[in-house]
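One structure is given here, and the rest of the page talks about it.
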Amino acid sequence: MPDIPEKRRTCRGRWALEGHGKEGLLIDLSIGCLVDHLYTANKYFKDIIVLKARERDFKDMKILVDTGKLHVQKEGNSDHGKPTIQSLLKIDPEKENMTQPKTLPPADAVISAGLLDVISKDEKDYKRYLRKFLRLLKTGGHLLLFGALNATYIKVGEEKLNVFKYTEDFVRKALTAENFIIEDLTTVDTSHVKRVICITANKEE
Numbered sequence: 016m017p018d019i020p021e022k023r024r025t026c027r028g029r030w031a032l033e034g035h036g037k038e039g040l041l042i043d044l045s046i047g048c049l050v051d052h053l054y055t056a057n058k059y060f061k062d063i064i065v066l067k068a069r070e071r072d073f074k075d076m077k078i079l080v081d082t083g084k085l086h087v088q089k090e091g092n093s094d095h096g097k098p099t100i101q102s103l104l105k106i107d108p109e110k111e112n113m114t115q116p117k118t119l120p121p122a123d124a125v126i127s128a129g130l131l132d133v134i135s136k137d138e139k140d141y142k143r144y145l146r147k148f149l150r151l152l153k154t155g156g157h158l159l160l161f162g163a164l165n166a167t168y169i170k171v172g173e174e175k176l177n178v179f180k181y182t183e184d185f186v187r188k189a190l191t192a193e194n195f196i197i198e199d200l201t202t203v204d205t206s207h208v209k210r211v212i213c214i215t216a217n218k219e220e
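Just add 15 to the spot in the sequence shown (first one is 1) and you have my numbering.
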């Protein structure tokens with residue numbers, strides 16, 4: 016996703032402060048090699064698992080991990096200044112279990128920025144992938160979802176990616192249909208895309 020201004024950080028911070036006091040599991044499903052939100056999340060979650068759908072994104076993230084710019088969790092690792100990633104996995108969104116052959120524990124929170132926009136070709140695709148993403152959450156868990164409203168493409172670094180074009184109303188209905196309660200919805204104008212949406216939603220108990 017393109018860089019998003021202060022309102023995105025405000026939305027993310029408000030959600031994170033309602034987090035789990037350095038407890039629980041966060042799963043990140045985002046396009047590209049975004050890491051800034053992981054620095055924030057590292058303050059509030061004990062474990063972070065990063066999932067990448069595209070081979071390029073997986074390789075780029077692995078380079079960050081392998082060069083020490085991010086940490087994969089190791090016994091005795093006490094550097095809290097950098098995100099501590101428990102696992103970095105390549106996923107296949109087409110599979111019923113996207114992380115096959117591994118099965119992940121239910122997460123306390125899931126962040127997804129831009130990935131649904133890129134991998135979806137139409138409404139049916141978006142709803143199908145969204146449902147799979149939401150299954151990663153435990154009951155009562157939180158979703159933080161970022162997307163580009165009414166866009167036809169986004170830029171990830173120097174890469175221009177075509178995206179599924181959708182409206183705010185469509186996303187609202189898609190989440191409601193999955194029994195998620197929208198706690199906060201913010202839209203932000205940016206220089207890269209006309210409008211970015213940030214949604215915080217809770218999985219009903």
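Glycine included, every Cβ here is placed at the ideal spot set by N, Cα and C.
Quick one: Cα of residue i to Cα of residue j, how far?
i    : j    : result
I64  : L53  : 10 Å
K180 : K188 : 15 Å
F60  : I100 : 10 Å
K218 : F148 : 12 Å
D184 : G155 : 23 Å
N57  : L103 : 15 Å
C48  : N194 : 30 Å
Y144 : P108 : 7 Å
C213 : T55  : 16 Å
A163 : S127 : 12 Å
Just checking my contact of residue i with residue j at CB under 8 Å: how many whole Å lie between their CB atoms?
i    : j    : result
I134 : A216 : I134 to A216, Cβ: 19 Å. No contact.
K153 : A122 : 6 Å
V75  : I46  : Sequence check: residue 75 is Asp here, not Val. Not quite, the Cβ-Cβ distance comes to about 11 Å (not below 8 Å), so this is no contact.
From which residue to which residue does the beta strand (DSSP E) around residue i run?
i    : result
F161 : L152 to L164
I269 : As displayed, the chain neither begins before 16 nor continues past 220, which places residue 269 out of reach and without an answer.
I100 : T99 to K105
K175 : E174 to N177
How far does the alpha helix (DSSP H) with residue i in it extend, from its first residue to its last?
i    : result
A189 : E183 to A192
V80  : E70 to D81
L10  : Here the chain comprises residues numbered 16 to 220, so residue 10 is not present and cannot be evaluated.
Which of the three DSSP states, helix, strand or coil, is assigned to residue i?
i    : result
D132 : helix
L119 : coil
K110 : coil
K147 : helix
Going by the DSSP bridge assignment, what does residue i pair with across the sheet?
i    : result
D140 : Answer is none; D140 lacks a bridge partner.
K218 : F195
L41  : I63 and A124
C213 : F161 and T201
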